[in-house]
Every structure is written in C-alpha cells, then in structure tokens.
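**Student:** All residue numbers for the sequence shown refer to the working numbering, where the first residue is 262 and numbers rise by one.
C-beta atoms are modelled at their ideal positions from N, C-alpha and C, and glycine is treated no differently.
A quick note: this is a predicted structure, and the numbers were derived from the prediction, not measured.
Here you go, one structure.
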Amino acid sequence: MRAIWKGAVLGLLLVGQMAQAGTVLVVGDSISAAFGMDTRQGWVQLLDERLRDEGFEHQVVNASISGDTSAGGAARLPALLSEHQPDLVIVELGGNDGLRGLPPSQLQQNLAAMIDASRSAGAKVLLLGMRIPPNYGERYTTAFARVYDELAADKNVPLVPFLLEGVGGVDKLMQDDGVHPAVEAQPLLLENVWPTLKPLL
Numbered sequence: 262m263r264a265i266w267k268g269a270v271l272g273l274l275l276v277g278q279m280a281q282a283g284t285v286l287v288v289g290d291s292i293s294a295a296f297g298m299d300t301r302q303g304w305v306q307l308l309d310e311r312l313r314d315e316g317f318e319h320q321v322v323n324a325s326i327s328g329d330t331s332a333g334g335a336a337r338l339p340a341l342l343s344e345h346q347p348d349l350v351i352v353e354l355g356g357n358d359g360l361r362g363l364p365p366s367q368l369q370q371n372l373a374a375m376i377d378a379s380r381s382a383g384a385k386v387l388l389l390g391m392r393i394p395p396n397y398g399e400r401y402t403t404a405f406a407r408v409y410d411e412l413a414a415d416k417n418v419p420l421v422p423f424l425l426e427g428v429g430g431v432d433k434l435m436q437d438d439g440v441h442p443a444v445e446a447q448p449l450l451l452e453n454v455w456p457t458l459k460p461l462l
C-alpha cells in the first residue's frame, strides 16, 4: 500500500513538472525555418538543445514558414496560440516584407497585433529585429529598421536588434543566394538570441 502511495505521489510530481515545463513558440520565416539545410541544423533546433543542456524542460515549437510575411504570421498566430498555449512567443518576421517593398507601417501594425495577441493569451514575447539591403533606398531602409525599435519601446517588449548581427554580409556565413545564413552561421544566430531570451524563461 505504501509503495502504491509513493508511486501515486511520484506520478503527480512528474505531471506537475511537465505542466510547468512550458512551451516556446517560434513564429518566423525562412531564417528560422532552416531554409537550405536540414532542420536539425537550424538555430531553432540548436535552441532546443541549449535549453536541455542548461536544464530547462521547455518544449520548442517551430512554426516558421519560408517566405512568410508579417501579415501571414499575424493570420496564423491565433490558431497557434490556441493549439500550443505557449509561455513565450518568439517573433522573427519582416524580412520578406522588406524584400517585397511592403509599407513599414503595415509591418509595424502586423507585429504589434502579434505582440498583443500573444500577451492576451498569457505569453511573453521576444521580438527579433531584421535589416534589409538598401535596394529601395535609404529612406525605406531606415523606416524599416525603425519599426523594431519603436515596437520595443511602445510595447515594452524585449528586442534582439538584428538577428543576423555578425552574419549578414559575411560571405562564408551566408548561402550562395546572399540572403539566407549558412549552416556555419546557425550557432551565431543562437548566440545573438540567447542573452535576451534566457531571462524570459
């Protein structure tokens, strides 16, 4: 009888630990979807491994889709929040908006909606900033970059200013298209994110 009681208590403790482990939801584009490589080599998978190595029990759900825009992410997010009930949402979107020359105001509106929806669902938010080549001129490039800083200030949300810091423009760290980070860059992307992410866990 005592053994059964101990087993029941242990089972309840394990269930409690699983319930408290939490979920990290990553909503991004090709940068987080490990475009051009095995998904196991991408920075999001490396994040999953880092969490385990450091004793965190969080589950990482990668809902990133290559080619996605901020509008696409905002449209997909409600269902993702309902399905996964994350404790933390990492938003990595905007690069495709910039490459298509979409209005920065539209990007800001979509990202703000994602932040608000995540918080309404009880999740913390980490925003990953992006920069784009000056194809559309300095005015557009500056307005695009300013979106992330303004959102971080207005919404009081943690920000990684530029996910590709130390990677973008470095030929040996980029794929042949010059847009997507190579396998060798993935650990650097994780290191860019980790110092801001860890306190949110």
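1) Near Leu451, which residues of its chain fall below 8 Å by C-beta distance, leaving aside the five closest residues on each side in sequence?
2) Using a Cβ distance threshold of 8 Å, determine whether the segment 345-354 contacts the segment 281-298, with at least three qualifying pairs required.
3) Residue range of the beta strand (DSSP E) that Thr284 falls in?
4) Below 8 Å, can you find three or more Cβ-Cβ pairs linking the segment 401-412 to the segment 427-435?
5) With distance defined between alpha-carbon atoms, name the residue in Gly297, Asn371, Ser327, Met391 nearest to Val454.
6) Per DSSP, what kind of secondary structure is Met391 in: helix, strand or coil?
7) Run the CB neighbour count on Lys459, radius 10 Å, all protein chains shown included, and call it buried at 16 or more, exposed below.
8) Which one of Leu389, Pro339, Ala282 has the shortest CA to CA distance from Arg380?
**Tutor:** On the basis of the data shown:
1) By one-based count along the sequence shown, residue 451 stands at place 190. So the qualifying residues of the chain are Trp304, Leu307, Leu308, Arg311.
2) Because the criterion of three Cβ pairs below 8 Å is met, the segment 345-354 and the segment 281-298 touch.
3) On the sequence shown, residue 284 is found 23 positions in, with the first residue counted as 1. Start and end: 284-289.
4) Short answer: they don't touch.
5) The residue labelled residue 454 in the question sits at position 193 within the sequence shown. Comparing alpha-carbon positions, the option among Gly297, Asn371, Ser327, Met391 lying closest to Val454 turns out to be Met391.
6) For the purposes of this step, residue 391 is taken as residue 130 along the sequence shown, with counting starting at 1. If DSSP states are grouped into helix, strand and coil, Met391 belongs with coil.
7) As a first step, residue 459 must be located in the sequence shown, where it is residue number 198. It is exposed - the Cβ of Lys459 has fewer than 16 other Cβ atoms within 10 Å.
8) The residue you call residue 380 lines up with position 119 of the sequence shown. If you compare the alpha carbons of Leu389, Pro339, Ala282 with that of Arg380, the shortest gap goes to Pro339.
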